[in-house]
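For reference, the structure discussed in these notes is given below.
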Amino acid sequence: MNAFVHHFAFMFRSGIRNKTLLMMNYLFPLGFYLMMGLIMAGINPFFKEVTVPAMTTFAVLAATLLGIPDPLVNAREQGIFRSYKVNGVPAFSILLIPILTTMLHLAIIATIIVTTAPLLFDAPAPTNMLNFIIVFVSMAFASSGLSVLFGVISSSSRLTVLWSQIIFLPSMMIGGLMFPLSMLPETAQKAAMLFPATHAMNAFNGLAMGTAGDFSPWGSILTLILGGLVALALAVYLFRWGSHNADKKRTPLLAGLVLLPYVAAIFLF
Amino acid sequence: MIEPIIQVKDFRKTYGDFVAVDKLSFEVHPGEIFGLLGPNGAGKTSTLESLEGLRHPNGGSLKIAGIDPVQNPSGLKNMIGVQLQSGGLPESITVEEALKFFAAYHQVAPRFDLIDRLGLHGKRKAQYHQLSTGQQRRLSLALAIAHRPQVLFLDEPTAGLDVATRVELHHMMRELKEEGTTIILATHDMAEAEEMSDRIAILLNGRLAVTGTPMEITATGSQLTKVSVRTQNNILAENNANLPAVRQHTFKDGYHIYFSDEIGPTVAAIIDHIQTQQDNLIDLRVERPSLEDRFLEITNPGEKQ
Numbered sequence: 119m120n121a122f123v124h125h126f127a128f129m130f131r132s133g134i135r136n137k138t139l140l141m142m143n144y145l146f147p148l149g150f151y152l153m154m155g156l157i158m159a160g161i162n163p164f165f166k167e168v169t170v171p172a173m174t175t176f177a178v179l180a181a182t183l184l185g186i187p188d189p190l191v192n193a194r195e196q197g198i199f200r201s202y203k204v205n206g207v208p209a210f211s212i213l214l215i216p217i218l219t220t221m222l223h224l225a226i227i228a229t230i231i232v233t234t235a236p237l238l239f240d241a242p243a244p245t246n247m248l249n250f251i252i253v254f255v256s257m258a259f260a261s262s263g264l265s266v267l268f269g270v271i272s273s274s275s276r277l278t279v280l281w282s283q284i285i286f287l288p289s290m291m292i293g294g295l296m297f298p299l300s301m302l303p304e305t306a307q308k309a310a311m312l313f314p315a316t317h318a319m320n321a322f323n324g325l326a327m328g329t330a331g332d333f334s335p336w337g338s339i340l341t342l343i344l345g346g347l348v349a350l351a352l353a354v355y356l357f358r359w360g361s362h363n364a365d366k367k368r369t370p371l372l373a374g375l376v377l378l379p380y381v382a383a384i385f386l387f
Numbered sequence: 177m178i179e180p181i182i183q184v185k186d187f188r189k190t191y192g193d194f195v196a197v198d199k200l201s202f203e204v205h206p207g208e209i210f211g212l213l214g215p216n217g218a219g220k221t222s223t224l225e226s227l228e229g230l231r232h233p234n235g236g237s238l239k240i241a242g243i244d245p246v247q248n249p250s251g252l253k254n255m256i257g258v259q260l261q262s263g264g265l266p267e268s269i270t271v272e273e274a275l276k277f278f279a280a281y282h283q284v285a286p287r288f289d290l291i292d293r294l295g296l297h298g299k300r301k302a303q304y305h306q307l308s309t310g311q312q313r314r315l316s317l318a319l320a321i322a323h324r325p326q327v328l329f330l331d332e333p334t335a336g337l338d339v340a341t342r343v344e345l346h347h348m349m350r351e352l353k354e355e356g357t358t359i360i361l362a363t364h365d366m367a368e369a370e371e372m373s374d375r376i377a378i379l380l381n382g383r384l385a386v387t388g389t390p391m392e393i394t395a396t397g398s399q400l401t402k403v404s405v406r407t408q409n410n411i412l413a414e415n416n417a418n419l420p421a422v423r424q425h426t427f428k429d430g431y432h433i434y435f436s437d438e439i440g441p442t443v444a445a446i447i448d449h450i451q452t453q454q455d456n457l458i459d460l461r462v463e464r465p466s467l468e469d470r471f472l473e474i475t476n477p478g479e480k481q
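In order, the protein sequence lines correspond to chains S and V.
Numbering-wise (this note's numbering), the first sequence opens with residue 119 and increments by one.
Numbering-wise (this note's numbering), the second sequence opens with residue 177 and increments by one.
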């Protein structure tokens, strides 16, 4: 337990000390939030209504998809995991602790957004704070799990960018952050349900913001939690201690199973 | 009879069709410094990493204090300390955090005394990437010995270190040995291996080429002793053919260099010749074959010294 606490404390401090992580955890989400609040809230009435959930979801996407995978790949390539292994650091800690520390950083960002958006941009605050927290934790867990999985299956930093952008860009475009999901063609709406951000926005709207969701908001919560659990389980299974570890021949294609909860959601909700 | 602390028996490691190590067997006794030498690709790293539990052997058996690194990696954790060749720590971790972090996983108190001992005072709050290469290696060593392991693996421990730190590190290795720590030393530095090791194994193409004490290893082979002589009037230039037991002769930087397989008669004849010809001896050096000479002889059998 003592070791886990030391590990957690070091990783949390790294999230502020490391310039790239500081950028992804704080500067980029907050900068984007201020810019969007100043520009979009004036010209897009929809955005004003969803500033808090949309910018919280954006912060989660940035800190997880852009912040988590690369350090994992670098640590593996630089022999850090091998050093951890001979000193008894369990693989589960290596994968779980970045998820927990990133969620803690994101809780700070979410608090800043929730408290300042009504004051700065006259954006509505959550009407049900408990549900807001539930949705936030579910989304942060789902996206962190996915990001850890990308870090585990990517053989290089370039690949982490590719995997992350496959989720990040469509989430921004069709995830309900910039305009309502209902404005999309039905097929695109179904396709959007493959992304955690769509479920997060649906659940935020349906459970925490006092508006209606586009589909079952509790179904979205279930999908996000299952998505996070499946991603974490796959990451543990596919984890390699070193870049040249030929002892473990498990195909990264298995990582595709992470889509299962989201595919099921298309048919169920 | 003392039980070996490390037992390697018929160890085999392959990567696909490539056989990195084949039928390797050796034993290391408690408190020994055991040098593991070999050219690149000889199988040193595969052997070390398998002993450390980082790789799975494809055959044979490995035991450290009776523990199989594959079957019981958690049992091995506090038994061994490993100074990895490069990196091994996150860039943003501080020296103090690193000591606390690894001590916590080994369930021991952090040993901050090692910070001063290894010349890292004033660097306690410095991040890993802010340390010089030598400081990074010293921190890596501090972390490897902080939990007082029975067996310490050192991979190129003095690479990139200045002379003073290298001497301090050798001093520390001797202290650890006196305390009973067994040290496996993988190095390309033959002088270091010869000076520090009680016994040495030289690997070649994944197999054990030779094993023994540095003296035993250097005593085998061609056994040519090098005699370098310089005189005032260079009288030796006129009469080399009559010197007994000389197998090879060269002249470099004012020195006549003889390779002799019977040092007594050769040196006696050289001195006698100088006195007879009324020349003055300026310098005479006798050097037995070094470990490096023997290593080159084993690893490049086609090339003469």
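Beta carbons: idealized from backbone N, C-alpha and C, even for Gly.
Since this is a predicted model, take the numbers as computed values, not measurements.
Within chain S, the residues that residue i reaches when beta carbons sit closer than 9 Å
i, result
"H282 (chain V)", "A121, N205, G206"
"S250 (chain V)", "G206"
For residue i, the residue or residues it bridges with in DSSP
i, result
"V204 (chain S)", "None, per the DSSP bridge assignment."
"R237 (chain V)", "Note that residue 237 (chain V) is Ser in the sequence shown, not Arg. BP columns for S237 (chain V) point to V:K185."
"Y431 (chain V)", "V:K428"
"D459 (chain V)", "V:R406"
"S436 (chain V)", "V:T401, V:V422"
"Q303 (chain V)", "V:T270"
"Q259 (chain V)", "V:L330"
"L361 (chain V)", "V:G211, V:L330"
"A153 (chain V)", "The question about residue 153 (chain V) has no answer, for chain V in this structure spans 177 to 481."
"T190 (chain V)", "V:V195"
"F202 (chain V)", "V:V184"
"I243 (chain V)", "V:I240"
Partners in chain S for residue i, counting only beta-carbon separations shorter than 7 Å
i, result
"E272 (chain V)", "Going along chain S, no residue has its Cβ under 7 Å from E272 (chain V), so there is no contact; the nearest lies around 10 Å."
"A373 (chain V)", "Residue 373 (chain V) is actually Ser in this sequence, not Ala. Neighbours of S373 (chain V) on chain S: none; closest Cβ ~22 Å, over 7 Å."
"P266 (chain V)", "S132, A193, I198"
"L379 (chain V)", "Chain S residues near L379 (chain V): none, gap ~19 Å exceeds 7 Å."
Length of the line joining the Cα atoms of residue i and residue j
i, j, result
"A196 (chain V)", "R188 (chain V)", "8 Å"
"M348 (chain V)", "I360 (chain V)", "14 Å"
"P189 (chain S)", "R131 (chain S)", "14 Å"
"L179 (chain S)", "F150 (chain S)", "12 Å"
"F210 (chain V)", "I393 (chain V)", "13 Å"
"G336 (chain V)", "L330 (chain V)", "14 Å"
"L328 (chain V)", "K220 (chain V)", "15 Å"
"V386 (chain V)", "A377 (chain V)", "6 Å"
"T190 (chain V)", "L319 (chain V)", "30 Å"
"V184 (chain V)", "G360 (chain S)", "24 Å"
"I226 (chain S)", "A181 (chain S)", "12 Å"
"L227 (chain V)", "T169 (chain S)", "56 Å"
"L350 (chain S)", "V339 (chain V)", "48 Å"
"P325 (chain V)", "V381 (chain S)", "51 Å"
"I181 (chain V)", "L352 (chain V)", "16 Å"
"V258 (chain V)", "R375 (chain V)", "20 Å"
"R300 (chain V)", "V271 (chain V)", "5 Å"
"Q451 (chain V)", "H346 (chain V)", "44 Å"
"R313 (chain V)", "S273 (chain S)", "27 Å"
"L140 (chain S)", "L224 (chain S)", "12 Å"
"Q408 (chain V)", "Y431 (chain V)", "11 Å"
"V279 (chain S)", "V266 (chain S)", "13 Å"
Amino acids of chain S, ordered along the chain, whose beta-carbon sits closer than 8 Å to that of residue i
i, result
"K253 (chain V)", "V204, N205, G206"
"G229 (chain V)", "K203, V204"
"F278 (chain V)", "N205"
"I256 (chain V)", "V204"
"I269 (chain V)", "F128, S132"
Integer Cβ distance of residue i from residue j, believed to fall under 8 Å
i, j, result
"I474 (chain V)", "L380 (chain V)", "7 Å"
"S300 (chain S)", "H317 (chain S)", "About 15 Å; that fails the 8 Å criterion."
"N143 (chain S)", "G155 (chain S)", "N143 (chain S) to G155 (chain S), Cβ: 19 Å. No contact."
"F126 (chain S)", "L218 (chain S)", "6 Å"
Residue i, buried or exposed, once every other Cβ within 10 Å from all chains shown has been counted against 16
i, result
"S316 (chain V)", "buried"
"S222 (chain V)", "buried"
"T363 (chain V)", "buried"
"N476 (chain V)", "exposed"
"I447 (chain V)", "exposed"
"P379 (chain S)", "buried"
"R461 (chain V)", "exposed"
"Q247 (chain V)", "exposed"
"A413 (chain V)", "exposed"
"F471 (chain V)", "buried"
Chain-ordered chain V contacts of residue i [CB-CB under 7 Å]
i, result
"H124 (chain S)", "K276, F277, A280"
Listed by chain order, chain V residues near residue i by CB distance under 8 Å
i, result
"R135 (chain S)", "S268, Q303"
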